[in-house]
Amino acid sequence: MAYKDEKLHEEKVFKDPVHRYVHVRDRVIWDLVGTKEFQRLRRIKQLGTSFLTFHGAEHSRFNHSLGVYEIVRRILVNFDGRPNWNREERLLCLCAALLHDLGHGPFSHSFEKVFKLDHEDYTRAIILGDTEVHQVLAKVNKDFPQKVADVINKTYQDKLVVSLISSQIDADRMDYLQRDAYFTGVSYGHFDMERILRVMRPMEDQVVVKESGMHAVEDYIMSRYQMYWQVYFHPVTRSAEVILTKILHRVKELYHDGYAFKSEPVHFRSFFEEDVSLEDYVRLDESVVLYYFQMWAEEDDPILSDLAYRFVNRKLFKYVEFNPNLQMKEWMALYRTFQEVGLDPDYYLVVDSSSDLPYDFYRPGEEEERLPIHLLMRSRELKELSRQSEIVEAISGKKRTDHKLYYPQDLIERIADDVPGKRKILDILKQANQ
Amino acid sequence: MLDNHARLVKVIASSGGIVGRKKLQKIIYILKKLGLPFEEKYTFHFYGPYSEELSIRIEELANLGFVSEVKEKKSNYYQYRYQVTDEGEDFIEQSPVKLPVVESLVEEMKGRSSRFLELVATMLYFDHYPKDEIEQKVQDVKKKSNYTSEDIQEAWNFIEKIKH
Chain A
713 MAYKDEKLHE EKVFKDPVHR YVHVRDRVIW DLVGTKEFQR LRRIKQLGTS
763 FLTFHGAEHS RFNHSLGVYE IVRRILVNFD GRPNWNREER LLCLCAALLH
813 DLGHGPFSHS FEKVFKLDHE DYTRAIILGD TEVHQVLAKV NKDFPQKVAD
863 VINKTYQDKL VVSLISSQID ADRMDYLQRD AYFTGVSYGH FDMERILRVM
913 RPMEDQVVVK ESGMHAVEDY IMSRYQMYWQ VYFHPVTRSA EVILTKILHR
963 VKELYHDGYA FKSEPVHFRS FFEEDVSLED YVRLDESVVL YYFQMWAEED
1013 DPILSDLAYR FVNRKLFKYV EFNPNLQMKE WMALYRTFQE VGLDPDYYLV
1063 VDSSSDLPYD FYRPGEEEER LPIHLLMRSR ELKELSRQSE IVEAISGKKR
1113 TDHKLYYPQD LIERIADDVP GKRKILDILK QANQ
Chain B
955 MLDNHARLVK VIASSGGIVG RKKLQKIIYI LKKLGLPFEE KYTFHFYGPY
1005 SEELSIRIEE LANLGFVSEV KEKKSNYYQY RYQVTDEGED FIEQSPVKLP
1055 VVESLVEEMK GRSSRFLELV ATMLYFDHYP KDEIEQKVQD VKKKSNYTSE
1105 DIQEAWNFIE KIKH
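Going down the list, the sequences are from chains A and B.
At position 324 of the first sequence the residue is numbered 1036 (my numbering), and the sequence of numbers has no breaks.
At position 59 of the second sequence the residue is numbered 1013 (my numbering), and the sequence of numbers has no breaks.
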């Protein structure tokens, strides 16, 4: 029997708190799970710094990847035998679902910004490079790794296959909303996924949803909206993310200034040089990063040690709502006064915007901006979701963006009372807070 | 502060406004591929390279009052017109962000259709491949768009022109 068709003697199952069981019967999937590159995902948290806000949010990209695989597996059971669905693409979909986050690094959003990296490049590099994952995929056939990489990169020619993993109602989102809700402990994020899976239909270029399933999809869109504001955009998580980003900026700056680290940051050298090999990339996981943060908390550089101490011990920055248009003068005054009192504003005065976060809202796709969710009407016509649903229309029409100003309240309070700038800073922040 | 926002406002200001969300998406992507310092992350979507970060940033600029967004009704569709407001002009005046002169480049792109810019952006997305493979990739991912060999040649000429 060809490797691609090989089945395990007995089905393997992973107990899963979200989907109850993740079922594996294909030898290829089982072998992929066992590779060191996939196992590495156990050491990358799905929600990055959110564990500092929601103590349960310690789940990993490993859990999530298995979840996405399981959802796609269930969708394909439903698709089997339906028009527009090519059964030959089944294994490709399953592999792409399982491996879609393979290139994520530790706290990847901040890392990517500071070190100018793109986890999607590394996903591709792991799949196509000299890795255990590549060896498994290449056993299917020599073109298979490239196909898997193309699906994940969204450049595969069959857009239906791509849309299962990446669209506005895809297996990725359906897993992370439920999983993140479960592990954070919030009561949002729940929707009737079983119903959605039952009413999904394969079309030539996309997955669509039967008209009768519209209310289940509304629920999914609402969950997504609530999770964004309650969990993903949580101001405390953003504070932790701000500090994390500043640690990375500081350590990079010190490295380029020739600073003598007490403990040489060998794992980071190629990141500082912005020339990160695949080998260097995959050996840096969150356990390594958190080890360095402990070390950096003991460095002589006062900014680095302070920021690292803050992250490790959850001494986060405070924040106020901030409008960069109406409060531009206040910002400039704060910036100057921070300098006067000896607080480097480039590290201790940070405006964080909603666009700095890696999440998206539902978009109806006007002007072919992006492909929306389409409902399959009884007449076989396709209609965009927000044209049919008042609830979705209301949410997608409302533009919610925000900006917050983060600062170290404790350091400001520690400034001696006779330092003239202290009162000024506190007054401006107090005013902004009202 | 808001350096990435300031760069976007500068592009919109330099060209007296941009009409069309898709066009704006592709113009910023093409400028980025030409080496201009835009940090918005793009990924490949159904209609070519797209940045959600850019979409949210534009919404932020509109909510802050730095850019006006006007929805215009055309015969059978809507389009969005983006223009820098007086407050937006003040914002970029105070911003320390520098951007090379892009006026003529943006003018050049504004004069093209969003369909054509989608083709150019898609070809640039695959620019790590040899030329014939880029053309094959375009045909693979843009089957429905029915780009002709003349369209593709015109896009090559356009890329050549804007690179110099």
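A virtual CB, placed ideally from N, CA and C, is assigned to each residue, including glycine.
Quick caveat: nothing in here was measured; it's all calculated off a predicted structure.
Reduced DSSP category for residue i - H, G, I as helix; E, B as strand; rest coil
{"i": "A/ASP1064", "result": "strand"}
{"i": "A/GLY899", "result": "It should be pointed out that residue 899 of chain A corresponds to Ser in this sequence rather than to Gly. Coil."}
{"i": "A/THR867", "result": "coil"}
{"i": "B/GLY1002", "result": "strand"}
{"i": "A/LEU1088", "result": "strand"}
{"i": "A/VAL789", "result": "helix"}
{"i": "B/GLU993", "result": "coil"}
{"i": "A/ARG913", "result": "strand"}
{"i": "B/GLN1048", "result": "helix"}
{"i": "A/GLN1146", "result": "coil"}
{"i": "A/LEU1083", "result": "coil"}
{"i": "B/LYS1027", "result": "strand"}
{"i": "A/VAL943", "result": "helix"}
{"i": "A/TYR1119", "result": "strand"}
{"i": "B/LYS1096", "result": "coil"}
{"i": "B/VAL1056", "result": "coil"}
{"i": "B/ILE972", "result": "strand"}
{"i": "B/GLN1107", "result": "helix"}
{"i": "A/SER878", "result": "coil"}
{"i": "A/ARG1022", "result": "helix"}
{"i": "B/LEU1073", "result": "helix"}
{"i": "B/GLN1037", "result": "strand"}
{"i": "B/GLU1087", "result": "helix"}
{"i": "A/VAL1131", "result": "coil"}
{"i": "B/LYS986", "result": "helix"}
{"i": "B/TYR1032", "result": "strand"}
{"i": "B/VAL965", "result": "helix"}
{"i": "A/LYS974", "result": "coil"}
{"i": "A/VAL873", "result": "helix"}
{"i": "A/GLU965", "result": "helix"}
Whole-Å CB distance - residue i paired with residue j, under 8 Å assumed
{"i": "A/SER1101", "j": "A/PRO1076", "result": "Their Cβ separation, rounded to whole angstroms, is 10 Å, which puts A/SER1101 and A/PRO1076 out of contact at 8 Å."}
{"i": "B/SER1068", "j": "B/GLY970", "result": "With a Cβ gap of about 18 Å, B/SER1068 and B/GLY970 do not count as contacting."}
{"i": "A/GLU782", "j": "A/HIS735", "result": "7 Å"}
{"i": "A/GLU1085", "j": "A/VAL929", "result": "In the sequence as displayed, the identity of residue 1085 of chain A is Ile instead of Glu. Correct: roughly 6 Å between the Cβ atoms."}
{"i": "A/PHE1023", "j": "A/ILE959", "result": "6 Å"}
{"i": "B/GLN1037", "j": "B/ILE1113", "result": "Contact flag wrong, Cβ pair sits at about 28 Å."}
{"i": "A/ASN865", "j": "A/GLU832", "result": "7 Å"}
Neighbouring residues, chain A, relative to residue i (Cβ below 8 Å)
{"i": "B/HIS999", "result": "LYS866, ARG1082, LEU1083"}
{"i": "B/TYR1004", "result": "GLU1081, ARG1082"}
{"i": "B/LYS1091", "result": "THR867"}
Own chain residues within Cβ distance below 7 Å of residue i, not counting five before or after
{"i": "A/TYR1031", "result": "PRO947, SER951, LYS1116, LEU1117, TYR1118"}
{"i": "A/SER935", "result": "LEU889, TYR900, GLY901, HIS902, PHE903"}
{"i": "A/GLY923", "result": "Sequence inspection shows Glu at residue 923 of chain A; the Gly mentioned does not correspond to that position. Cβ neighbours of A/GLU923 beyond the five flanking positions: LEU1087, LEU1088, MET1089, ARG1090."}
{"i": "A/GLU1081", "result": "ARG1075"}
{"i": "A/GLU986", "result": "PHE827, LYS828"}
Contacts of residue i in chain A (Cβ-Cβ under 7 Å)
{"i": "B/MET955", "result": "PRO1036, TRP1043, VAL1063"}
{"i": "B/ILE1010", "result": "SER1066, SER1067, THR1113"}
{"i": "B/GLY974", "result": "GLU1079"}
{"i": "B/GLU1087", "result": "Ordered by position in chain A, no residue passes the 7 Å Cβ test against B/GLU1087, which lies about 12 Å from the chain."}
{"i": "B/GLN1107", "result": "Here the premise fails: no neighbours, minimum Cβ distance about 22 Å."}
6 Å Cβ shell around residue i - same chain, five flanking residues per side excluded
{"i": "A/TYR671", "result": "Not covered by the structure: residue 671 of chain A. The range shown for chain A is 713 to 1146."}
{"i": "A/ARG1092", "result": "none"}
{"i": "B/TYR1034", "result": "ARG975, GLU1023, LYS1025"}
{"i": "A/ALA1144", "result": "VAL1032"}
{"i": "A/MET905", "result": "MET886"}
{"i": "A/PHE774", "result": "LEU753, ARG754"}
{"i": "A/SER1108", "result": "TYR1074, PRO1076, SER1098"}
Neighbourhood of residue i by C-beta, 8 Å cutoff - its chain only, sequence neighbours within 5 removed
{"i": "A/LYS859", "result": "LEU804, TYR868"}
{"i": "B/SER1005", "result": "GLN979, ILE982, TYR983, GLU994, LYS995, TYR996, THR997"}
{"i": "A/LYS1027", "result": "TYR1021, ASP1122"}
{"i": "A/GLU998", "result": "ARG755, ILE756, LYS757, PRO818, PHE819"}
Contacts that residue i makes with chain A (C-beta to C-beta distance below 9 Å)
{"i": "B/LEU1018", "result": "ASN1035, PRO1036, ASN1037, LEU1038, THR1113, HIS1115"}
{"i": "B/TYR1032", "result": "GLU1078, GLU1079"}
{"i": "B/GLN1037", "result": "Residues of chain A passing the Cβ test: none, with the nearest at roughly 16 Å."}
Within chain B, the residues that residue i reaches when beta carbons sit closer than 8 Å
{"i": "A/GLN869", "result": "ASP1094, VAL1095, LYS1097"}
{"i": "A/GLU832", "result": "THR997"}
Where residue i meets chain B, residues with beta-carbon distance less than 9 Å
{"i": "A/GLU953", "result": "Chain B residues near A/GLU953: none, gap ~15 Å exceeds 9 Å."}
Under 7 Å from the C-beta of residue i: neighbouring residues of chain B
{"i": "A/ASP1072", "result": "GLU1006"}
Residue i at chain E interface by Cβ criterion, 9 Å
{"i": "A/GLN918", "result": "In summary, chain E is missing from the structure at hand, where the protein chains are A and B."}
Write down every uninterrupted run of the alpha helix (DSSP H) in the region 715-780 of chain A whose length is 4 residues or greater and which is fully enclosed by it, in chain order.
-> Within the region 715-780 of chain A, the complete alpha helix (DSSP H) runs of at least 4 residues are 739-745, 748-751.
Would you list, in sequence order, the uninterrupted beta strand (DSSP E) runs of no fewer than 3 residues that lie entirely inside the region 1024-1062 of chain A?
-> List check, beta strand (DSSP E) in window: 1030-1033.
What are the start and end residues of each continuous beta strand (DSSP E) run of 3 or more residues lying completely inside the region 828-870 of chain A, in chain order?
-> Counting only runs of 3 or more, we get nothing.
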